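Engineer:
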Amino acid sequence: MPSSHIKLEKLFKQDFQCENLKHINLESCEFIKKLPELCTPNLEILDLFGCVNLVEIHESIGFLDKLKTWNLSYCERLKILPSNLMLKSLNSFDLVRCSRLEKFPNIHPEMKCLRDLDLQESGIRELPSSIGYLGGLTKLCLRDCPNLRGLPDTIYKLQQLQDLSIPTTRLRFTCNSFDSISGYGFLIYDGTSRSQTLSKSK
């Protein structure tokens with residue numbers, strides 16, 4: 146429903162039968178300010194790319210067990226995500242250029258399916274220590290995050306991590322934190338045109 150002028154509260158109210166709905170595409174819908182509670186227990190794809198006036202996501206969205214792909218990229222006014230994420234099936238989470246988003250939610254230990262987390266150009270100040278629960282994460286992009294000042298010690302728990310992009314010119318972290326990670330080919334971005342690839346020896 147790109148660019149649609151719709152009332153989501155009415156569309157997804159509880160007596161509206163959405164149990165079989167698997168894909169919601171609200172890309173570039175300029176009239177969404179708050180994503181309400183959705184009665185969509187089987188939802189697999191939630192596309193909110195370019196919803197430039199979206200500010201808040203209802204807490205219940207953080208508990209959609211079947212959700213696999215969630216795109217919030219270019220939601221430039223987004224400030225509030227659910228305080229907790231227990232998205233057991235989530236594989237890809239995109240928050241590119243969510244420049245007003247400063248706080249990332251707490252992560253439930255059962256979120257082991259997430260492979261790709263993209264926070265490039267977001268306003269994130271810090272990641273929660275619960276980031277260590279994302280045991281299946283292979284790609285973490287924090288490139289061009291001007292407010293980010295450090296990484297939690299639990300980053301070393303991301304044993305499957307293969308690609309990591311971070312603003313090293315401002316970021317404080319201990320290189321030893323990465324010593325126990327078994328992945329290969331980390332990309333450390335330094336905020337300039339240069340980059341450095343780190344590979345662990347076998």
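Residue numbering for the sequence shown is 146 to 347, as defined by this note's numbering.
The C-beta atom is built at its ideal place from N, Cα and C for all residues, glycine as well.
Predicted model, so just to flag it, every value in this text is computed and none were measured.
Express the C-alpha separation of E175 and D335 in angstroms, rounding to a whole number.
Structural biologist: Within the sequence shown, residue 335 is the residue found at index 190, counting from 1. Within the sequence shown, residue 175 is the residue found at index 30, counting from 1. Its pLDDT being 47, under 50, D335 is placed unreliably by the model, and the measurement read from it follows with that caveat. Cα to Cα, D335 sits roughly 34 Å from E175.
Engineer: Which value, in whole angstroms, describes the spacing of the CA atoms of L166 and C220?
Structural biologist: Numbered from 1 along the sequence shown, position 21 holds the residue referred to as residue 166. Numbered from 1 along the sequence shown, position 75 holds the residue referred to as residue 220. Rounded to whole angstroms, L166 to C220 spans 23 Å at the Cα level.
Engineer: Which runs of the beta strand (DSSP E) at least 3 residues long sit entirely within the region 252–313? Give them in chain order.
Structural biologist: Counting only runs of 3 or more, we get 261–263, 284–286, 308–310.
Engineer: Between L303 and P181, what straight-line distance do the alpha-carbon atoms span, to the nearest angstrom?
Structural biologist: Within the sequence shown, residue 303 is the residue found at index 158, counting from 1. Within the sequence shown, residue 181 is the residue found at index 36, counting from 1. For L303 and P181, the gap between their C-alpha atoms comes out near 32 Å.
Engineer: Do you know how far the Cα of G280 is from the Cα of I225?
Structural biologist: Position 80 of the sequence shown holds residue 225. Position 135 of the sequence shown holds residue 280. Distance between the alpha carbons of I225 and G280: 25 Å.
Engineer: Express the C-alpha separation of C286 and T299 in angstroms, rounding to a whole number.
Structural biologist: As a position in the sequence shown, residue 299 is number 154, starting the count at 1. As a position in the sequence shown, residue 286 is number 141, starting the count at 1. One C-alpha to the other measures close to 16 Å.
Engineer: Of the residues L193, E164, N292, S173, which one's Cα is nearest the Cα of L246?
Structural biologist: Taking the sequence shown and counting its residues from 1, one reaches residue 246 at position 101. When each option's Cα is compared against that of L246, the closest is N292.
Engineer: Go through its chain and collect everything with a Cβ distance to K257's Cβ below 6 Å, but skip five positions before and after it.
Structural biologist: Against the sequence shown, residue 257 aligns to sequence position 112. Answer for K257: G280, G281, listed in chain order.
Engineer: Give the DSSP-derived three-state secondary structure of R339 in the structure shown.
Structural biologist: In the sequence shown, residue 339 corresponds to position 194, counting from 1. Its pLDDT being 42, under 50, R339 is placed unreliably by the model, and nothing is read from it.
Engineer: Would you mind sorting S228 into buried or exposed? The rule is 16 or more other CB atoms within 10 Å of its CB.
Structural biologist: Within the sequence shown, the letter at position 83 stands for residue 228. Counting Cβ neighbours within 10 Å, S228 comes out exposed, since fewer than 16 surround it.
Engineer: Quick check on I206: does DSSP put it in helix, strand or coil?
Structural biologist: Sequence index remark: in the sequence shown, residue 206 carries index 61 (1-based). The three-state reading of DSSP puts I206 in helix, counting H, G and I together.
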